[in-house]
Amino acid sequence: MPENESTTRDGEPVLKVRHLTTRFRTDLGVVTAVQDISFNVYAGETLGIVGESGCGKTVTSKSIMRLLPEEVTLIDEASRIEFAGLNLASASEKEMRRVRGDRIAMIFQEPMTSLNPVFTIGWQLDEALKYHTKLNHAERRARAIEMLRLVDMPNPEQRIHEYPHQLSGGMRQRVMIAMALVCEPDILIADEPTTALDVTIQAQILSLMNDLKTKLSTAIVLITHDLGVVAQVCDRVIVMYAGRVIESAPVRDLFHHPRHPYTRALLDSIPRAGTAHAGKKLPAIEGIVPSLFELPEGCRFNDRCPHRRTLDEAQRRRCVDVEPDLSEHGADRPVRCHYPLVDVTVKETA
Amino acid sequence: MIRRVLRSRGVRKLRQNRWAMLALGVIGLYVVVALFMLATDAVEGIGQRTGGFTIKDRPVLGMLLVDKTLDRVGPNSVPGFFLRDRPERRLEHHQAYLDAVERALNAKDPEAALAELRFGSLRPADLGPDKLRELVDEGWALFDEVDEIYEQIDEAEGQSPGGDQATAPGAGEGEAPNIADLDAAVSDKIDQIEPIVRALFPIPDGLDGFLYRLKMLLGTDRQGRSILIRTVYSIKIALEVGFVTALLAVLVGSILGAAGAYFGGWVDHVVIWLFSTFSSIPSLVLLTVLAFMFTGSRFDGTLIPLYTAFSLTFWIGPCRVIRGEVLKVKELEYVQAATSIGFGRVYILLRHILPNTAYLMFINFSLLFIGAVKGEVILTFLGLGLKNGASWGIMISQSASEVIEGRFWQISAATAFMFGLVLAFNTLTDALQDAFDPKHVS
Amino acid sequence: MPLLRVKDLVKHFPVRGGVFNRVIKKVHAVNGVSFDVERGEVLGVVGESGCGKSTLGKTIIRLLEPTSGTIQYDGTDISTMRHVELMPFRRRMQIIFQDPYSSLNPRLTVQALLREAIRFHRIVGRSEMDEYIVNLIRKVGLRVDARDKFPHEFSGGQRQRIGIARALALHPEFIVADEPVSALDVSIQAQVLNLMMDLKEEFGLTLLFVSHDLKVIEHFCHRVVVMYLGFIVEVLSSERVHERAQHPYTKALLGANPIDDPDDRRPLTVLQGDVPSPFDPPTGCAFAGRCPIAEERCRHERPVLERKKAGHEVACWLVE
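Residue numbers (my numbering), protein chains in the order written: chain A, 20 to 369; chain B, 128 to 569; chain C, 719 to 1038.
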């Protein structure tokens, strides 16, 4: 009974990221935050980008929106971010301004700091409309109210006049979503939109996002570290680790048949609801993510990889010396591993 | 332990900042010079107290003693870098030298007078009174000749088109003497006087000569005192004022602020009341009252009025800043952890909270240091500072009359040295903030 | 006898304002909470933000002063003890904090941090200090050379281990773990939870585990206390919580957790509305405003925590 058989991949992707490499100048040298990232985003689908802190998922999304500080950011020349005929990686600031908010919108983790505290939310919604559309005052007001209704905000006519601090966290996130969608963008990038919210509020927002997906046909790029959220909301998933894409798959495939050892280990290490495992130790991944300043020559996950145990000497050598490329393991199923897991079925539900 | 401090992230960041290291170098230079002066002052003090010795006459060691700042090293208002001044001024300078020798020669005991005569480290040549008298007379003769040429210039100017045709003795038609030629003639004559002056006051070889040139390097002020010596001496005053003021202000302010923030309740109310009240007093009113209080008292002319003014006002900044920081830090979890282990409140304040506000104290110290140095200049100008000796404030206020006459050496020297110190401290403050303040955007 | 017995514990925070700094409002963080913790037990306290669970944990170890109520530790009432009398108890009751970035003094090395506490309580003599510290550092899974490093030289997970080392340094019996893994990455959470499990066994600890993450609580704790707006709404054992939960809020909480199985996309339980204000708790049941089955009685009378079955208490009028 899967509800969302998302095979809306008919035709061209709305966004094509190819070989995105973003580096930063720091006082300890130049560091490569994301390396050679490529993926597609299709209309009407929710793409999840999953990974832990430092894996580069936020840098990826901000690179698309070009929201990284100009003075220290270096986007590689070979990077291409194709959207609406432009290459966003090399577009001018003027061109980016026309895209941001209008064609691609972004919502962030902390709604309190993303909303300007000195303006009413009506004003802030209006601002986006004024900049991107040619509607007159009355039309903009109507649209703002319509938007708030769309995000299930009770009493939108009254809320229009309120300030951010008068709203709760969940409400603010709804306002953020409303602001993001007010110009009907093609893509909505949501960077950890529910991480800072309570779980009951998170449920509200996730339900809302699922709703919106069916009502509008906005593509959503959802960045998160919460695999539960990914399982409930996403159609396809990209897993990132230490600046690289290491696996990409449709969501069911990823959860039931993970190919990369990291993905599998991650899935195993999460305490699961259901008590077959209560009180037992969790299969944890040993070690920590490598520092981006000290990346190994070979596979970046190698020193933590539990799969190593099953390999022989020569194979282990290869993992240490050579970083694997992304290779296809089935339709649209790239995996960056020399010896990916084959036909492992995970998740016997308790 | 030092190694640990040097290893800390903030200090490492500071060390990487090249401008900051340069600024530290400059400040270091100033400090070394000031320490040298403090040392020589101390040695002289000991020498005088014990009656054993004095270093006043030592050329290098005694160069920067406080009395030396009042020594005349040359004629009044000599320009620096040995530049040639205007002819009238050069005449004045040469005249000063000649007058000095003449006065000595006319004294009751010429030998003794000549022996005591000094211009900085210059002494009259050891040629005996007669030869000296000869030279002086030669000099005066040349002066007379110059006067004649000036008369001619006056005539020539009187005859120039548009001028009156009042007095024109001698040839009035055609043969108008060229003013430029006459000016050149004056210069020539003055050039002739120079060697005479040089002969009277030869520049010695070696160290003494070098020191003489050094003292004249930035010229002299209206009383013939070496601007360089006075400027350099002022470094000591500035650093003293800056250091003492900043240190006391930061200490007092921090203690009050920290106590108020940490203990809260009535302690905090008292502290807030204190800094609110003191900061509401208009500074002009405060200074006027202080000026009134101190004029004529036995503290007039010392640094006491200065310190009083500063200590009433400078502690407020650090107090507010440290109070704010302590309010923040005391809510952090590592402070709660210390509480949960059972440490007493005072221990936590001293060992856990204050060290984490130390960087702010350094930044404030730096800022107040500069404030005090600049404040000294301003207050001296207003009559509240030192009256004797040398300080940048004294130099700048005394140069007011010089500037009107177009003589900028004293004010430029004082300002330049002060600028160097202040710029170095400003750079350092900025660098400290970059390195240590986690919220600061560099 | 339970190791910890909390009875009618209340914690209100006065909010001062106005011209004379009077108390104008109060934050009702903890409103009359009672429960026991048995020796060797891991008791979970779960709830969303603003439910008072962190405040509860901190009040129990006297980091905050209780407004009223009693805290009995090992038979002794420590709720109003003065600083000096409290000292031996401080040694026995420790805390692990949530934020690895602000829970360690940035100016102290690991060694200095541990030594300070150990020396204060005279846990070991000077000669054994070094060895004791080295042992402690190893026990929490760090390398020995960590002792001369500063907190900023460690990752989040490693800092949390240092926090655990600090809590264990005094050889306590009881530890309040205030969201110890919430700020950590997913793969590190498992490591730290495993570590805590091991240490609990080895040191024979009793834990009060505060968290908003039900999955972690279920996995790690024997019993669970569910809080809402400063009130306890349910207490039950963590076994088969999904089936046995009775209070509507607990059920909503369980239902709101996204299940990490893409094939099981049942609609999440969505509670309408927001948490009421802690300044002004409603007169009736705190949850009445959002409760899907609330009745008139719920809005006027506050339900009492009652024992429904062995080891299962619920505060709801509509549960038998």
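Beta carbons: idealized from backbone N, C-alpha and C, even for Gly.
### Task
Take B:Ala418 and list the residues in its own chain whose beta-carbon comes closer than 8 angstroms to its own, dropping the five residues that flank it on each side.
Pro432, Leu509, Gly510 and Leu511
#### Entry: Minimum length 4: unbroken alpha helix (DSSP H) runs contained in the region 792-819 of chain C
801-810
### Query
Quick one: Cα of B:Asn483 to Cα of A:Thr329, how far?
50 angstroms
### Task
Under 8 angstroms by Cβ, that's how I've got C:Ile789 and C:Leu727 pegged, so tell me the actual separation to the nearest angstrom.
7 angstroms
#### Entry: Within-7 angstroms CB hit, B:Ile382 to chain C
no
### Message
Contact between the region 350-369 of chain B and the region 541-559 of chain B is defined here as three or more beta-carbon pairs at a separation below 8 angstroms; is this criterion met?
### Response
yes
### Task
For the region 804-823 of chain C and the region 870-877 of chain C, state whether three or more C-beta atom pairs, one from each stretch, are separated by less than 8 angstroms.
yes
### Query
In chain C, which residues lie less than 9 angstroms from A:Met317 when you measure between Cβ atoms?
A quick correction: the sequence has Gly, not Met, at residue 317 of chain A. By Cβ distance, chain C contributes nothing, its closest Cβ being about 20 angstroms from A:Gly317, past 9 angstroms.
### Query
Could you give the uninterrupted runs of the alpha helix (DSSP H) lying entirely in the region 264-345 of chain A, keeping only those of 4 residues or more?
270-275, 280-288 and 332-340
#### Entry: Sequence ranges, beta strand (DSSP E) only - wholly within the region 906-953 of chain C, length at least 3
924-929 and 941-946
### Task
Would you mind telling me which residues of chain B sit closer than 7 angstroms to C:Gln829, beta carbon to beta carbon, in chain order?
None at all; the shortest Cβ gap to chain B is about 11 angstroms.
### Message
Tell me the rounded alpha-carbon separation between C:Val751 and B:Lys457.
### Response
28 angstroms
### Task
Would you identify the three-state DSSP class for C:Gly735, choosing helix, strand or coil?
strand
### Task
Take B:Ala326 and list the residues in its own chain whose beta-carbon comes closer than 7 angstroms to its own, dropping the five residues that flank it on each side.
Ala252 and Leu262
### Query
Beta-carbon separation of B:Ile323 and B:Glu278 under 7 angstroms?
no
### Query
Per DSSP, C:Val714 is paired with what?
The shown model of chain C, from 719 to 1038, leaves out residue 714 of chain C, and the question about it has no answer.
### Message
Classify A:Glu24: buried if its beta carbon has 16 or more other beta carbons within 10 angstroms, exposed otherwise.
### Response
Residue placement at A:Glu24 cannot be trusted, given a pLDDT of 34 that sits under 50; what the coordinates show is reported in the next sentence. Classification for A:Glu24: exposed.
### Query
Using the rule of at least 16 other Cβ atoms within 10 Å of the residue's Cβ for burial, across every protein chain shown, is B:Ala298 buried or exposed?
In this prediction, B:Ala298 scores a pLDDT of 46, lower than 50, which makes its location untrustworthy; no coordinate-derived value is stated.
### Query
Is it right to say A:Thr79 is buried, meaning 16 or more other beta carbons lie within 10 angstroms of its own, or is it exposed?
buried
### Message
If contact is defined by three or more beta carbon pairs under 8 angstroms, each pair taking one atom from either stretch, is the region 188-208 of chain A in contact with the region 225-237 of chain A?
### Response
yes
### Query
Hey, A:Arg191 and A:Pro130 are a contact pair by Cβ (cut 8 angstroms); roughly how many whole angstroms apart?
4 angstroms
### Query
What residue does the alpha helix (DSSP H) around A:Asn59 start on, and which one ends it?
Run containing A:Asn59: none in the alpha helix (DSSP H); it sits in the beta strand (DSSP E), Gly48 to Val60.
### Message
Against chain A, which members of the region 886-910 of chain C pass a CB distance test of less than 8 angstroms?
### Response
Asp903, Val904, Ser905, Ile906, Gln907, Ala908 and Gln909
### Any chain B beta carbon closer than 7 angstroms to C:Asp817
yes
### Minimum Cβ-Cβ distance from C:Glu803 to chain A less than 7 angstroms
no
### Message
For B:Ala558, count the other beta carbons within 10 Å of its own beta carbon; 16 or more makes it buried, fewer makes it exposed. Which is it?
### Response
buried
### Minimum Cβ-Cβ distance from C:Val763 to chain D less than 7 angstroms
Of the chains in the structure shown, none is chain D; the protein chains are A, B and C.
### Residue from C:Gly793, C:Phe807 and C:Ile778 with nearest C-alpha to C:Ser786
C:Ile778
### Task
Using a cut-off of 9 angstroms between C-beta atoms, extract the partners of C:His930 located in chain A.
Asp217 and Val218
### Message
Is there a Cβ of chain B sitting closer than 7 angstroms to that of C:Leu660, yes or no?
### Response
Residue coverage of chain C in this structure runs from 719 to 1038, which leaves residue 660 of chain C outside it and unanswerable.
### Task
Could you spell out the range, first to last residue, of the alpha helix (DSSP H) harbouring B:His396?
Gly392 to Ser407
### Message
Under 7 angstroms, Cβ to Cβ, is there at least one residue of chain C near A:Ser226?
### Response
yes
### Task
Could you tell me which of A:Val201, A:Ile208 and A:Arg160 sits nearest to A:Glu64, measuring between CA atoms?
A:Ile208
### Query
A:Lys300 touches chain C at which residues, Cβ-Cβ below 9 angstroms?
Ala908, Leu911, Asn912, Met915 and Asp916
### Short CB-CB distance (under 7 angstroms) between C:Glu766 and chain A
yes
### Task
Run through the region 332-368 of chain B for me and flag every whole alpha helix (DSSP H) of 4 or more residues, listed as ranges in chain order.
333-342
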